[in-house]
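K.L.:
After the structure tokens below, expect a handful of questions from me.
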Amino acid sequence: MKPAPFSYAAPHSVEECLDLLSRYGTDAKLMAGGQSLMPLLSLRMARPSVIIDINRIPGLDAWEVTGEGVRIGARVRQRSLERDRALRAEIPLMAEAVQFIGHPATRSRGTIVGSMCHADPAAELQVCAILLGAAFRLRSHSGDRVVSAEEFFLDALTTAVGEEELVEEVRLPLPVVGAGYSFSEVSRRHGDFAMVSVGCIVTRDAQGRLDESAVALGGIGSRAQRFRLGDYAPGATAVPALFADFARHVAETIEPDADLHASTEYRRALAAHLVQQGLDVAASRTESGAQ
Ligand SMILES: Cc1cc2nc3c(=O)[nH]c(=O)nc-3n(C[C@H](O)[C@H](O)[C@H](O)COP(=O)(O)OP(=O)(O)OC[C@H]3O[C@@H](n4cnc5c(N)ncnc54)[C@H](O)[C@@H]3O)c2cc1C
């Protein structure tokens, strides 16, 4: 199918973009990489009367490290997570996750922020944002606000972004010193959305406790979910069966939907396997390199 007719605007500044958003409100749709929006238009699942293309707004294509973490502008492509060694070093979890997103062609246009704004519950970058505790800077003529990932992702394809708001950047904390990260998933074919995906961080405090170690899972419901090891086994250090027990607990706690790709039980089995394996891999990447 062809998209329904729409007008096209390509603002050259954030201010101009916000003017357009406040003028058109729900009639408008922002376009970043277009990799999710264009299929929705073609299927007529979205019928905005105006497309606001943010690709000519200067400054949004930059990322930087500040005292608070890494700030990634709304036009930074997913491909940068593969190609830019400096960026990869700042967010090792996302650098590992990006290989699972679509294909080189989609990653070359698709943006990091656009993926999060689309809020597909199986999207790899949503899992990363929830696990790492990302925050989003939203701008509109009514003011700026910063929203945590937990508040940002409301439901499948639904975020806290208001109709007149632009997500200007996502903010990610710097890697935890000495921590190990891993990302893995199972999908029917490489490049397909994941049936289940799992991001892991393993970290120890000065006493060797694993409390802040955590996992986040995607593809298991309407949004990604995070589980902290310290909530399951407070004060645990290196117990032989700890990761296996925690993985079983996570798999029993989630309520994955069944669809034509996988049953609820199959998704639970995948979750248990991926969580245990992911924690083992992340533990092997910690500074001490052991569980
Ligand atoms: C063949 C194919 C395979 C794919 N496989 C995967 C996959 O395995 N995993 C995966 O996660 N994704 C996958 N995708 C989706 C892809 O990664 C998209 O890049 C991503 O979902 C959206 O990013 P985008 O920059 O293209 O956003 P767009 O398509 O431009 O926008 C998506 C939505 O976000 C909104 N939006 C975008 N930027 C902003 C902003 N700054 N502020 C407010 N709202 C904004 C838009 O209005 C729109 O509603 C695939 C796509 C294709 C075509």
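By this note's numbering, the letter at position 140 of the sequence shown is numbered 158, and the numbering carries on one by one without gaps. Even glycine gets a Cβ: it sits at the ideal position worked out from N, Cα and C.
Among D173, T176, G180 and G226, which has the Cα closest to the Cα of D162?
P.N.:
Sequence index remark: in the sequence shown, residue 162 carries index 144 (1-based). Checking every option, the nearest Cα to that of D162 belongs to G180.
K.L.:
Rank F261, L190, E142 and I72 by C-alpha distance to the C-alpha of V116 and give the top, closest one.
P.N.:
Taking the first residue of the sequence shown as position 1, residue 116 is located at position 98. Checking every option, the nearest Cα to that of V116 belongs to E142.
K.L.:
At a cut-off of 7 Å, is E142 close to ligand 1 when judged by its beta-carbon and the heavy atoms of the ligand?
P.N.:
Position 124 of the sequence shown, counted from the start, is the residue given in the question as residue 142. It does: the Cβ of E142 is within 7 Å (strictly closer) of some heavy atom of ligand 1.
K.L.:
List in chain order: all unbroken beta strand (DSSP E) runs of 3+ residues lying wholly within the segment 68-124.
P.N.:
As far as the segment 68-124 is concerned, its whole beta strand (DSSP E) runs of at least 3 residues are 68-71, 81-84 and 87-91.
K.L.:
Looking at M49 and ligand 1, is the gap between the Cβ and the nearest heavy atom below 7 Å?
P.N.:
Looking up residue 49 in the sequence shown gives position 31. Yes, since a heavy atom of ligand 1 falls inside the 7 Å radius drawn around the Cβ of M49.
K.L.:
Within 8 Å, do at least three Cβ pairs link the segment 109-124 to the segment 210-224?
P.N.:
A contact exists between the segment 210-224 and the segment 109-124.
K.L.:
Spell out a yes or no on whether the segment 251-259 and the segment 220-227 are touching, meaning 3 or more CB-CB pairs, one atom from each, closer than 8 Å.
P.N.:
Taking 8 Å as the limit for Cβ pairs, the verdict is that the segment 220-227 does touch the segment 251-259.
K.L.:
Could you tell me the distance, in whole angstroms, from the CA atom of R62 to the CA atom of D45?
P.N.:
Here residue 62 refers to the residue found at position 44 when the sequence shown is read from its first residue. Here residue 45 refers to the residue found at position 27 when the sequence shown is read from its first residue. Between R62 and D45, the C-alpha separation is close to 14 Å.
K.L.:
Taking contact to mean 3 or more Cβ pairs, one atom from each stretch, closer than 8 Å, check whether the segment 81-95 and the segment 185-192 are in contact.
P.N.:
Enough Cβ pairs lie closer than 8 Å, so yes.
K.L.:
Is Q117 near ligand 1, judged by its Cβ being under 7 Å from some heavy atom?
P.N.:
For the purposes of this step, residue 117 is identified with residue 99 of the sequence shown, where counting begins at 1. No.
K.L.:
When you compare the segment 283-293 with the segment 262-274, are there three or more beta-carbon pairs, one atom per stretch, that lie closer than 8 Å?
P.N.:
The segment 283-293 is in contact with the segment 262-274.
K.L.:
Please find out if some non-hydrogen atom of ligand 1 comes closer than 7 Å to the beta-carbon of R62.
P.N.:
As a first step, residue 62 is located in the sequence shown; it is residue number 44 there, counting from the start. No.
K.L.:
Along the alpha helix (DSSP H) that carries M49, what are the first and last residues, could you check?
P.N.:
Position 31 of the sequence shown, counted from the start, is the residue given in the question as residue 49. Premise fails: M49 lies in the beta strand (DSSP E), A46 to M49, not in any alpha helix (DSSP H).
K.L.:
Give a yes or no on whether the C-beta atoms belonging to T221 and V194 are separated by under 8 Å.
P.N.:
If you number the sequence shown from 1, residue 221 lands on position 203. If you number the sequence shown from 1, residue 194 lands on position 176. Closer than 8 Å, so yes.
K.L.:
Counting only the same chain and skipping the five closest in sequence on each side, list residues whose C-beta sits under 8 Å from that of H30.
P.N.:
Position 12 of the sequence shown, counted from the start, is the residue given in the question as residue 30. These residues qualify, in order along the chain: R74, I75 and P76.
K.L.:
Residues in its own chain within less than 7 Å of L105 by CB, not counting five upstream and five downstream?
P.N.:
As a working mapping, residue 105 is identified with position 87 in the sequence shown. W81, S98 and L99, listed in sequence order.
K.L.:
Rounded to whole angstroms, what is the Cα-Cα separation between G132 and L184?
P.N.:
Taking the sequence shown and counting its residues from 1, one reaches residue 132 at position 114. Taking the sequence shown and counting its residues from 1, one reaches residue 184 at position 166. Each residue's alpha carbon lies about 11 Å from the other.
K.L.:
Kindly indicate which three-state DSSP category D173 falls into: helix, strand or coil?
P.N.:
On the sequence shown, position 155 is the one that residue 173 refers to. D173: strand per DSSP, three-state reduction.
K.L.:
Have a look at L38 and V165 and give me their C-alpha separation to the nearest angstrom.
P.N.:
Within the sequence shown, the letter at position 20 stands for residue 38. Within the sequence shown, the letter at position 147 stands for residue 165. So the two alpha carbons sit approximately 22 Å from each other.
K.L.:
Compute the Euclidean distance between the alpha carbons of S160 and V68, then round it to the nearest angstrom.
P.N.:
Mapped onto the sequence shown, residue 160 falls at position 142. Mapped onto the sequence shown, residue 68 falls at position 50. Roughly 21 Å separates the two Cα atoms.
K.L.:
Could you give the distance in angstroms between the alpha-carbon of A324 and the alpha-carbon of G128?
P.N.:
This structure cannot settle anything about residue 324, because the visible part of the chain is limited to 19 through 309.
K.L.:
Please state whether DSSP places S25 in a helix, a strand or coil.
P.N.:
If you number the sequence shown from 1, residue 25 lands on position 7. Looking at S25 - three-state DSSP - the assignment turns out to be strand.
K.L.:
Just to confirm the assignment, what range does the beta strand (DSSP E) spanning V214 have?
P.N.:
In the sequence shown, the residue the question calls residue 214 occupies position 196. V214 to V220 is the span of the beta strand (DSSP E), which, as asked, contains V214.
K.L.:
Nearest to G274 by CA position, among G151, A242 and S231, is which residue?
P.N.:
Against the sequence shown, residue 274 aligns to sequence position 256. Correcting the residue identity first, residue 274 is Pro in this sequence and not Gly. It is A242 whose Cα lies nearest to the Cα of P274.
K.L.:
Keeping to the same chain, check which residues put their C-beta closer than 6 Å to that of G51; ignore five residues upstream and five downstream.
P.N.:
Position 33 of the sequence shown, counted from the start, is the residue given in the question as residue 51. These residues qualify, in order along the chain: R127, G128, T129 and G132.
K.L.:
For the putative contact between R41 and I72, defined by C-beta atoms under 8 Å, what is the C-beta separation to the nearest angstrom?
P.N.:
Translated into the one-based positions of the sequence shown, residue 41 becomes position 23. Translated into the one-based positions of the sequence shown, residue 72 becomes position 54. Wrong, their Cβ atoms sit about 16 Å apart, outside the cutoff.
K.L.:
Identify which residue in G236, A259, R157 and F264 has its Cα closest to the Cα of D249.
P.N.:
The residue given as residue 249 occupies position 231 in the sequence shown. When each option's Cα is compared against that of D249, the closest is F264.
K.L.:
Please state the DSSP three-state secondary structure of T322.
P.N.:
Past the boundaries of the shown model lies residue 322; the chain is included only from 19 to 309, so the question cannot be answered.
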